[in-house]
Amino acid sequence: MKKRVIVLDTNVLLHDPESPLHFANENVVIPIQVVEEVDRFKRDPGEKGRNARRFSRLLDSLREKGNLSSGAKINNKFEGTIKVAFCRKETTDRLPLELNDSSGDNKILAVALEEKNTKILSDFPEVVLISKDTNMRIKADAVGLKAEDYYKDKISLENLEKGFREISSNSDEINKVQKDGFIYLRDIKSKFEPSLVSNEGVILKDNLKENHTFLTRYNQSEKKLVGLNHLRRSNLGKVKPKNLEQNFALDLLLDPKVQLVSLVGKAGTGKTLLALAVGLHQVADENIYERLLVSRPPIPLGKELGYLPGSLDEKLAPWMKPIIDNLDYLTSPKTNKNGEKNDRKERDNHSKNSWEDLRGMGLLEVEAINYIRGRSITNQFILIDEAQNLTPLEVKTIVTRAGEGTKIVFTGDPNQIDHPYLDSDSNGLTWLAKKLHGQKIIGHITLSQGERSDLAELAADLL
1 MKKRVIVLDT
11 NVLLHDPESP
21 LHFANENVVI
31 PIQVVEEVDR
41 FKRDPGEKGR
51 NARRFSRLLD
61 SLREKGNLSS
71 GAKINNKFEG
81 TIKVAFCRKE
91 TTDRLPLELN
101 DSSGDNKILA
111 VALEEKNTKI
121 LSDFPEVVLI
131 SKDTNMRIKA
141 DAVGLKAEDY
151 YKDKISLENL
161 EKGFREISSN
171 SDEINKVQKD
181 GFIYLRDIKS
191 KFEPSLVSNE
201 GVILKDNLKE
211 NHTFLTRYNQ
221 SEKKLVGLNH
231 LRRSNLGKVK
241 PKNLEQNFAL
251 DLLLDPKVQL
261 VSLVGKAGTG
271 KTLLALAVGL
281 HQVADENIYE
291 RLLVSRPPIP
301 LGKELGYLPG
311 SLDEKLAPWM
321 KPIIDNLDYL
331 TSPKTNKNGE
341 KNDRKERDNH
351 SKNSWEDLRG
361 MGLLEVEAIN
371 YIRGRSITNQ
381 FILIDEAQNL
391 TPLEVKTIVT
401 RAGEGTKIVF
411 TGDPNQIDHP
421 YLDSDSNGLT
431 WLAKKLHGQK
441 IIGHITLSQG
451 ERSDLAELAA
461 DLL
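Shown next as structure tokens:
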């Protein structure tokens, strides 16, 4: 098979600084304009800055294997090379009038066109520009270049597992689980797909009595279905499961042996509220964890959090308001000590006091995503909300911060993404849920049923 020529755009390298390594059997071209654009991000305090520095180090290490002007080997086991290419004025002059200027995108297009037009390309079937910028791909196509998104970390949302399934059963089997707390798969007589994975939820449904069901979770190491015991033993106050999905989600959240849980669902399905309720319960009531650490990607603030005026708490306050709202619901009484309904001022004061009291007691910590890197976080319940706005690399960085005794919960809606270079298939939440699905210490549930209100459900489905 003939090698392709792969021209990488700046946004691909800032998204995944090791992306050239994934084209080890191709000929990779880095336009000099891309090198300069990456260099401008090297002092950025956020993820882009770290990725810019990582790519620069990678390119420097590859330079030792050969000359970047003619092509250095990417990996000695493969035939692919990487080179840095310059933009030739005569090529930019041949661009359409609307693109014939000195913008960075147009210089990158010119390099790709130069690669396509050079006569040595008789050995190569095609030149492909890889970019995460939709408009860049459109412009490339308009000038006759093949253009693609960066697919290495894409996981189709349509293929994301629900996290639970239904198995036909009978009264004897269901009664056995209710009595003993479990049933071995070998004792279930009905035929079903033998592809159950660890911690997958299973609805045992009586094949003769439609309303006779029992909820279980699969224990892969012992090949048995276990009743949702964690949920039965816990008192979460106001929070009660309102549907099957929430039952399975709460059981995973309450099980300390499940060290990472991903909850994917549209607005109003309860994913953040459930995670926050369990986190507070296991920190304040059961003392399983020392602290609840909450974080959200700073979108639309971007990565400029450090440049905003005020203390870190003041910067984070408006950004954490959705968490404060959920905390208010979980902790505020509906009536005061006289049995009267609280007015708005009393509710606002309670919300503020609960937030500050929990933080003052050391039970709750709020952290910006950027500051989690470099930490080793032990014995904490970590909630990462709106995780669909994280890249796969950012998600990996967070997970690798987990020390002994720590549990991490990622929540989000892949159809509500604010990040300019992520979509429902390439975001870190979808990637994580698919990559780790079925592991012994991992749990996942996709929630589809809205419970916030009829209006919220209608808006999430139709708007």
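With UniProt numbering, letter number 52 in the sequence shown gets 52, and the count goes up by one each step, no holes. Quick reminder that beta carbons are idealized off the backbone N, C-alpha and C, glycines included.
Secondary structure of residue i, DSSP reduced to three states
i	result
Val291	Sequence check: residue 291 is Arg here, not Val. Correct three-state label for Arg291: strand.
Ala275	helix
Ile382	strand
Glu365	strand
Val29	strand
Leu253	helix
Val111	helix
Thr81	strand
Asn175	helix
Ser169	strand
Val283	helix
Asn219	strand
Gly104	helix
Tyr184	strand
His444	strand
Gly268	coil
Ser55	The amino acid occupying residue 55 in the given sequence is Phe; Ser does not appear at that position. In the structure shown, Phe55 sits in a helix (DSSP, three-state: H, G or I).
Leu301	Its pLDDT being 39, under 50, Leu301 is placed unreliably by the model, and the measurement read from it follows with that caveat. Correct three-state label for Leu301: coil.
Phe41	coil
Ile408	strand
Leu204	strand
Thr397	helix
Gly450	coil
Beta-carbon contacts of residue i that lie in its chain and below 8 Å, excluding the five residues immediately before and after
i	result
Arg359	Glu365 and Val366
Asn75	Leu21 and Ala24
Ser354	Leu327, Asp328, Thr331 and Ser332
Tyr289	Gly279, Gln282, Val283, Asn379, Gln380, Phe381, Gly405, Thr406 and Lys407
Asn159	Lys434
Pro256	Gln282, Ile288 and Lys407
Lys146	Glu126, Val127, Val128, Leu129 and Ala140
Classification of residue i by the beta-carbon crowding that lies within 10 angstroms, buried from 16 upward
i	result
Glu210	exposed
Asp425	buried
Leu225	buried
Thr134	exposed
Lys223	exposed
Tyr151	exposed
Thr400	exposed
Arg40	exposed
Gly268	buried
Glu386	buried
Gly46	buried
Asp105	buried
Leu97	exposed
Gln416	exposed
Asn67	exposed
Glu115	buried
residue 484	An answer regarding residue 484 cannot be provided, because it is not within the stretch 1 to 463 covered by the chain.
Lys303	Confidence in Lys303 is poor, its pLDDT being 44 and thus under 50, which makes the residue's placement too unreliable to answer from.
Glu173	buried
Check whether residue i and residue j have beta carbons under 7 Å apart
i	j	result
Leu447	Gly265	yes
Leu13	Val38	yes
Asn229	Ser168	no
Phe78	Asn25	yes
Gly201	Gly163	yes
Ile369	Pro297	yes
Asp153	Pro392	yes
Val294	Leu129	no
Ile441	Gln259	yes
Lys83	Val127	no
Leu254	Ser234	yes
Arg54	Pro17	yes
6 Å CB neighbourhood of residue i in its chain, flanking five on each side removed
i	result
Ser107	Residue identity check: residue 107 is Lys in the sequence provided, not Ser. These residues qualify, in order along the chain: Gln33 and Cys87.
Val239	Ala277
Gly405	Thr378 and Asn379
Ser171	Asp206
Ala52	Val38, Phe41 and Lys42
Leu301	Only weak support exists for where Leu301 lies, its pLDDT of 39 falling under 50; the value from the coordinates is given anyway. No residues qualify anywhere along the chain.
His419	Asn389
Own chain partners of residue i with C-beta closer than 7 Å, once the 5 adjacent residues on each side are dropped
i	result
Lys3	Asn25, Glu26, Asn27, Glu79, Gly80 and Phe124
residue 464	Nothing can be reported for residue 464, as the shown portion of the chain is limited to 1 through 463.
Thr10	Val34, Glu37 and Val38
Meets three-Cβ-pair contact criterion under 8 Å: the stretch 163 to 182 and the stretch 128 to 143: Using a Cβ-Cβ distance cut-off of 8 Å, the stretch 163 to 182 and the stretch 128 to 143 are not in contact, since fewer than three pairs of beta carbons, one from each stretch, lie closer than that value.
Three CB pairs or more closer than 8 Å across the stretch 432 to 450 and the stretch 242 to 256: Flag = yes, the stretch 432 to 450 and the stretch 242 to 256 touch.
Three CB pairs or more closer than 8 Å across the stretch 380 to 399 and the stretch 408 to 423: Yes, since at least three Cβ pairs between the stretch 380 to 399 and the stretch 408 to 423 fall closer than 8 Å, the two stretches touch.
Cβ contact check for the stretch 211 to 219 and the stretch 268 to 284: 3 or more pairs under 8 Å: Segments in contact, no.
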